[in-house]
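J.: In the numbering used here, the protein residues as written are 61 to 349.
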Amino acid sequence: MRRLTFLLRPSWVILAVVVVAFAYLCFTVLAPWQLGKNDRTSHRNDLIADSVRAAPVDVTTLLNGTATDDTEWRRVVATGSYVPGSTVLERLQRLNDKPAYGVLATFRLDDGRTLLIDRGLVPAADGVRIPPIAEPPAGPQRIEGRVRRSEGVIPGRDPAAQEGFRQVYSIDTGQLSAVLGAPIDTVPPDGYLQLTEGQPGAFTPPPLPQLDSGPYLSYGLQWIAFGIMAPLGLGYFVWAELRERRREKAAATTGTTGAPTDSEAPAGTPPAPRSNADRLADRYGNARR
């Protein structure tokens with residue numbers, strides 16, 4: 061055990077603490093973070109793939125059902141009519157890598173409930189201004205779309221009115237209900253409808269996400285590997301230090317014991333081997349200073 065007393069030096073203690081803390085973060089925070097993102101992305105991709113293959117269902121079957129996250133991306137149909145004067149614009153959108161606005165409205169179902177509808181994207185006029193936006197068609201309509209989940213409210217981005225349009229920065233059913241001053245029903249758990257191409261009142265729909273799980277799985281495995289390698293690296297440095305100390309001790313033991321001092325040695329004689337204590341002092345500093 062005396063050979064390991066060097067581990068009590070401040071430099072080794074700090075190194076050990078850093079390695080342990082890093083490994084702990086790898087296993088409890090960083091790896092789960094990336095693996096969790098991989099699970100969520102894979103789950104989303106499965107829902108999108110299922111929605112492409114499945115036939116659309118009446119939205120009222122979801123409105124009357126149990127809340128579940130699996131309703132997002134489901135294809136649904138709704139019958140009713142658009143609510144006049146319910147247009148709201150979503151700012152800071154992109155269409156074909158150019159500035160655009162999202163166009164939102166409400167749709168009253170035949171049973172009286174009201175849903176939020178994302179009509180799609182329109183390019184900004186001259187890259188900055190609001191273009192002319194046609195009102196949705198009046199009268200009874202049958203529309204088809206996908207269920208999307210509310211994005212939530214962006215802190216510090218309050219609704220505003222500009223150029224005659226109410227505007228928001230994200231699609232959140234609660235916020236839009238307040239902006240319109242009317243209740244909005246949600247598709248469980250907190251969803252709205254995003255129109256598909258060619259539907260009454262639709263503009264250019266946002267493209268579906270690519271069905272790619274991304275690099276999250278490999279990133280998670282890398283953090284696990286880093287968490288394993290960090291303690292192994294510390295162990296290697298301890299082993300290398302012990303090996304070096306044994307080597308220096310052997311060299312000191314087999315050295316010229318009783319050899320004359322430098323002052324007594326004849327001219328041209330090489331200096332005597334340095335002691336183990338001198339070498340350790342060079343490496344770590346003099347502990348008595």
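Glycine included, C-beta positions come from ideal geometry on N, C-alpha and C. Just so you know, these numbers come straight off a predicted model, no measurement behind them.
1. Rounded to whole angstroms, what's the CA-CA distance from A221 to G212? Just pull it up for me.
2. Ordered along the chain, which non-local residues of its own chain (more than five positions away) have a Cβ less than 8 angstroms from that of S237?
3. On the CB-based measure, 16 or more other CB atoms within 10 Å of its CB, does A290 come out buried or exposed?
4. When DSSP labels each residue in this structure, what does S237 get in the three-state scheme?
5. Taking just the CA atoms, how far does V78 sit from I288?
6. Exposed or buried, N98, counting other C-beta atoms within 10 Å across all chains shown (16 or more means buried)?
7. My assumption, with CB atoms under 8 angstroms, is that T264 sits in contact with G180. Please give the rounded CB distance.
8. Which residue's Cα is closest to the Cα of T139: R168, A114 and R189?
9. Between which residues of its own chain and A76 is the CB-CB distance below 8 angstroms, once the five residues before and five after are set aside?
10. Is it buried or exposed for I74, if we count other Cβ within 10 angstroms and need 16 for buried?
11. Which first and last residues belong to the alpha helix (DSSP H) in which S278 is found?
12. So the candidates are P183, S230 and D218; which of them puts its Cα closest to the Cα of L176?
13. Over what stretch of residues does the beta strand (DSSP E) that includes R142 continue unbroken?
14. So, for T174: in the same chain, excluding its five sequence neighbours on each side, which residues have a beta-carbon less than 8 angstroms away from its beta-carbon?
T.: In short, the structure shows the following:
1. Against the sequence shown, residue 221 aligns to sequence position 161. Against the sequence shown, residue 212 aligns to sequence position 152. In a straight line, the C-alpha of A221 is about 20 angstroms away from that of G212.
2. Start at 1 with the first residue of the sequence shown, and residue 237 comes out as number 177. For S237, where only same-chain residues beyond five positions count, the Cβ hits under 8 angstroms are P243 and I244.
3. Here the question's residue 290 lines up with position 230 in the sequence shown. Per the 10 Å Cβ criterion, buried.
4. As a first step, residue 237 is located in the sequence shown; it is residue number 177 there, counting from the start. Looking at S237 - three-state DSSP - the assignment turns out to be helix.
5. Along the sequence shown, one-based indexing puts residue 288 at 228. Along the sequence shown, one-based indexing puts residue 78 at 18. Taking the straight line from one Cα to the other gives about 14 angstroms.
6. Here residue 98 corresponds to residue number 38 of the sequence shown, with the count starting at 1. By the 10 Å Cβ count, N98 comes out buried.
7. Locating residue 264 in the sequence shown gives position 204, counting from the first residue. Locating residue 180 in the sequence shown gives position 120, counting from the first residue. Right, their Cβ atoms sit about 5 angstroms apart.
8. Against the sequence shown, residue 139 aligns to sequence position 79. Checking every option, the nearest Cα to that of T139 belongs to R168.
9. In the sequence shown, counting from the first residue as 1, residue 76 sits at position 16. If we look at A76 and ignore the five residues flanking it on each side, its Cβ neighbours are L67 and L294.
10. Walking along the sequence shown from the start, residue 74 turns up at place 14. Its Cβ having fewer than 16 others within 10 Å, I74 is exposed.
11. In the sequence shown, residue 278 corresponds to position 218, counting from 1. Its alpha helix (DSSP H) spans residues Y276 to T313.
12. In the sequence shown, residue 176 corresponds to position 116, counting from 1. Checking every option, the nearest Cα to that of L176 belongs to S230.
13. Here residue 142 corresponds to residue number 82 of the sequence shown, with the count starting at 1. Note that residue 142 is Tyr in the sequence shown here, rather than Arg. For Y142, the enclosing beta strand (DSSP E) has its first and last residue at R135 to Y142.
14. By 1-based counting over the sequence shown, the position of residue 174 is 114. Excluding sequence neighbours, T174 sits near V143, T166, F167, R168, A242, P243, I244 and D245.
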